[in-house]
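This report refers to the structure that appears directly beneath it.
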Amino acid sequence: MKKAAILLSLILAIGVLAGCGNSTSTTTSDKGSNQEESKALKIGATAGPYSDMVTKAIKPIMEKKGYTVEVIEFGDYVQPNLALSNGDLNANLFQHKIYMENFAKENKLQLSELISVPTAPMGIYSSKFKSLDEVAAGSTVAVANDPTNLARTLGLLQDAGLLTIKDDIDPLRVSEKDVKDNPKQLVLQPIEAGQLPRAADSVDLSLVPGNFALAAKMNLLDALKLENMPDDYRNRLVVNTAELDKQFAKDLKEAVESAEFEQIIDEQFKGFGKPEWMLKRK
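The numbering used here numbers the first residue of the sequence shown as 1467 and each following residue consecutively.
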């Protein structure tokens, strides 16, 4: 009996040691896996120029820093923020400051911008007129029917000298009623923003947001006038607020601030308006 008890104790001791060995091995493996995951990024962007910007201008720089980057394309402006908030993405690139703050407030999300990026400006396009001086009284003008794009539209028409708008308009609630003076009696025709490129052939003027112009293979430089875009309307890289100080977030910001990033923008994203921070460093 004594020998049997000793033998059983030895077996149990070996089992415990083996269990400890397996536990240590698993922990080490998990740590290694976590370290690898910290270098694997998923960045969401709307299909078109901004997924291209991530793929062509951000991803190569981040890969040089040791990251692997997967670009996830979206076809709407809702899912990229929801996917970011629930952890399916590390960052996204598709929205401006006003949209981000309003979406975060309405959906109770904690989102923060890392940095603004060069953004395709809205333009005034026409198949009828070759310059703004030719715009005739009573001309029909296709404009976006959503408030955020309409605010930019009215601002661009004002900058072009075609009308004036009221002071301190609310970009989230703007309407045609915010037009103060319309000396040429322009007829504004609100339609879905995605239809504005097609409308350029059927109306006198069409004010097309840059992303939709590029998606329709329009040349930004063909516009009669391009928007002098306020920085609040420039797109930005966005992360969850809790991860704002993570190393990957710092590296993403550094990538966008690099000379290599700006060179790619100059070569492959002609007509994109640069944010103030980029212009100031010249």
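All C-beta atoms in this analysis are idealised placements derived from N, C-alpha and C, irrespective of residue type, glycine included. Nothing here was measured: the structure is a model prediction, and the numbers come from that model.
In DSSP terms, what residue i is bridged to
i	result
Y1591	S1672
D1647	T1630
Q1655	A1608
N1706	L1577
A1557	I1509
Backbone CA spacing between residue i and residue j [nearest angstrom]
i	j	result
Y1699	P1515	16 angstroms
N1677	L1662	11 angstroms
S1495	K1505	With a pLDDT of 38 at S1495, under the threshold of 50, the modelled position of this residue cannot be trusted, and the question is left open.
E1723	A1666	36 angstroms
P1799	D1732	Nothing about residue 1799 can be reported from this structure: the residues present for the chain run from 1467 to 1748 only.
P1546	P1675	19 angstroms
G1739	M1695	7 angstroms
Q1651	A1603	6 angstroms
V1445	G1532	Limits of the chain in this structure are 1467 at one end and 1748 at the other, which puts residue 1445 out of reach.
D1542	D1633	31 angstroms
H1562	V1535	22 angstroms
A1511	A1557	9 angstroms
A1570	E1642	27 angstroms
Within 8 angstroms, strictly: CB atoms of residue i and residue j
i	j	result
V1705	L1580	yes
L1638	T1619	no
D1717	S1582	no
L1629	D1647	yes
F1735	M1519	yes
L1616	V1601	no
A1721	I1509	no
I1631	Q1624	yes
Residues near residue i in its chain [Cβ-Cβ closer than 7 angstroms; skip 5 each side]
i	result
I1590	L1622, A1626, L1671, L1673, A1689, L1690 and K1691
N1611	P1656, I1657 and E1658
T1707	Q1576, L1577 and S1578
K1719	L1580 and I1581
I1730	K1522 and A1523
V1669	T1606, V1607, A1608 and Q1655
A1484	Residue placement at A1484 is flagged as unreliable, the pLDDT there being 37, under the threshold of 50; a coordinate-derived value is accordingly withheld.
K1525	V1535 and V1537
S1597	L1690
E1726	I1527
Chain-order list of residues whose beta-carbon lies under 6 angstroms from that of residue i (same chain, five-residue window excluded)
i	result
S1551	L1575
E1693	P1587, M1588 and L1622
G1737	L1686 and L1687
Close Cβ partners of residue i (< 8 angstroms) along its chain, the five nearest in sequence each way excluded
i	result
M1744	P1584 and E1728
L1680	G1514, P1515, A1586 and L1686
M1566	N1547, L1577, E1579, R1702 and V1704
Beta carbon proximity, residue i to chain C, threshold 8 angstroms
i	result
G1627	You won't find chain C in this structure, because it holds only one protein chain.
Whole alpha helix (DSSP H) elements within the segment 1673–1701, 4-residue minimum: 1676–1681
Every unbroken beta strand (DSSP E) inside the segment 1517–1553 [3 residues or more]: 1534–1540
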